[in-house]
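Engineer: Sequences listed follow chains Y and L, in order. Residue 18 in the numbering used here sits at position 18 of the first sequence, with consecutive numbering throughout. Residue 43 in the numbering used here sits at position 43 of the second sequence, with consecutive numbering throughout. Got a structure for you, written out below as C-alpha cells; questions coming shortly.
There are 2 protein chains.
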Amino acid sequence: MLVNVVTVYVKPEHIADFLAATVDNHTGTRTEPGNHRFDVLQSAEDPGRFLLYEAFESQDAVEAHRKTAHYLVWRSKVDAWMAKPRELVSHRIVAPADPAAW
Amino acid sequence: MLVNVVTVYVKPEHIADFLAATVDNHTGTRTEPGNHRFDVLQSAEDPGRFLLYEAFESQDAVEAHRKTAHYLVWRSKVDAWMAKPRELVSHRIVAPADPAAW
C-alpha cells in the first residue's frame, strides 16, 4: 500500500474546468480494484491549489491506473490548465496500519 | 468538513522518536468525535519528510483537537525534532462528496 500526494496549481480561468475533469477522474479511479482512496481537495486559501490524495494497493496498481481511459483523458485535458508543473510525493503508510482503514 | 495537510521535516536522528510520538497522537486523535481521519505518511524518497492528513468535521473540531492531551504532548515533544517549521495547508473537500466516505 502506498499514497501518492499530488499538488496541482491551476490557472484561475481554468479552475472550473479542472474541477469537472478531476471529479470525473476521481469517479473512474474509485472503480479500479487497486485503488483505495482518491480524495480531491482545494486549498482554503488559494482556490487554484489542489491536492490529490491517491491510495493504491501497490506500485503495479499505480501503473495500471496510468493506463486507464479516465486518467489519460484527465492528463490530456489538464496539462494546459496548470500554472506550473504538478508535484508528486510518494509515501509509505505509517498509520493507520490496519489495511481495513483504507 | 475540512482536511488539514501538514508537512513535517524531521532531523534524521529523531525520526524514530517522531514516529513513536506521532503514532500516539494518531491513536488519540482517532478517538475524537470530530475527527474522521488522521493518516501518518512517510515520504518514500526522504525518510525525514512526513505528511499528516487530518480530516475534521469542522473548524470547531480542529480547535478541540488542539486542546487535547495527546496533541499537546505531541507538540511539546516534536518541536525540537523538526529540521524546519512544519507547513499546514487547510482544504475544503471536493471529492468524495459523500460524508460517509469520511
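Where a beta carbon is used, it is the ideal one built from N, C-alpha and C, also for glycine. This one's a predicted model, so the numbers in the text were calculated from it and none came from an experiment.
Is the region 60 to 80 of chain Y close to the region 12 to 28 of chain L, with three or more CB pairs under 8 Å?
Structural biologist: Too few Cβ pairs lie closer than 8 Å, so no.
Engineer: Consult DSSP for L:R37 and reduce its assignment to one of helix, strand or coil.
Structural biologist: As a first step, residue 37 of chain L is located in the second sequence; it is residue number 37 there, counting from the start. Here L:R37 sits in strand by DSSP.
Engineer: Inspect the CB distances between the region 52 to 67 of chain L and the region 93 to 101 of chain Y and report whether three or more fall short of 8 Å.
Structural biologist: With a cut-off of 8 Å, the region 93 to 101 of chain Y and the region 52 to 67 of chain L do not count as touching, because too few Cβ pairs lie within range.
Engineer: Cutting at 8 Å between CB atoms, please list the residues of its own chain near Y:L2, excluding the five before and the five after it.
Structural biologist: In the first sequence, counting from the first residue as 1, residue 2 of chain Y sits at position 2. Around Y:L2: A55, F56, S58, Q59, V62, S90, H91, R92, I93.
Engineer: Comparing alpha-carbon positions, which option in L:E45, L:T22, L:L72 lies nearest L:Y53?
Structural biologist: Reading the second sequence from its first residue, position 53 is the one you call residue 53 of chain L. Nearest of L:E45, L:T22, L:L72 to L:Y53, Cα basis: L:T22.
Engineer: Helix, strand or coil for Y:S90? Go by DSSP, reduced to three states.
Structural biologist: Along the first sequence, read from residue 1 onward, the residue named residue 90 of chain Y stands at position 90. In the structure shown, Y:S90 sits in a strand (DSSP, three-state: E or B).
Engineer: Which first and last residues belong to the beta strand (DSSP E) in which Y:R49 is found?
Structural biologist: As a working mapping, residue 49 of chain Y is identified with position 49 in the first sequence. That run of the beta strand (DSSP E) goes 49 to 56.
Engineer: Could you name the residues of the same chain whose beta carbon sits closer than 8 Å to that of L:W102, not counting the 5 residues immediately before and after it, in chain order?
Structural biologist: Counting from 1 along the second sequence, the entry for residue 102 of chain L is found at position 102. For L:W102, where only same-chain residues beyond five positions count, the Cβ hits under 8 Å are M1, H36, R37, A55, I93, P96.
Engineer: Output, in chain order, the set of chain Y residues within a Cβ distance shorter than 8 Å of L:S90.
Structural biologist: The count along the second sequence starts at 1 and reaches residue 90 of chain L at position 90. The answer, in chain order, is S43, A44, E45.
Engineer: Taking the C-alpha atoms as reference points, what is the distance between L:A20 and L:H26?
Structural biologist: Along the second sequence, one-based indexing puts residue 20 of chain L at 20. Along the second sequence, one-based indexing puts residue 26 of chain L at 26. One C-alpha to the other measures close to 10 Å.
Engineer: Counting contacts by CB-CB distance shorter than 8 Å, is Y:D98 in contact with chain L?
Structural biologist: Start at 1 with the first residue of the first sequence, and residue 98 of chain Y comes out as number 98. Taking Cβ atoms only, chain L never reaches closer than 8 Å to Y:D98, which makes this a no.
Engineer: For L:L41, count neighbouring C-beta atoms within 10 Å of its own C-beta (all shown protein chains included) and say buried if the count is 16 or more, exposed if not.
Structural biologist: Sequence index remark: in the second sequence, residue 41 of chain L carries index 41 (1-based). Flag for L:L41 reads buried.
Engineer: According to DSSP, simplified to helix, strand and coil, what is Y:T7?
Structural biologist: By 1-based counting over the first sequence, the position of residue 7 of chain Y is 7. Reduced to three states, the DSSP call for Y:T7 is strand.
Engineer: Within 10 angstroms of its Cβ, does L:D39 collect 16 or more other Cβ (buried), or is it exposed?
Structural biologist: Translated into positions along the second sequence, residue 39 of chain L becomes position 39. Answer is buried; the Cβ neighbour count reaches 16.
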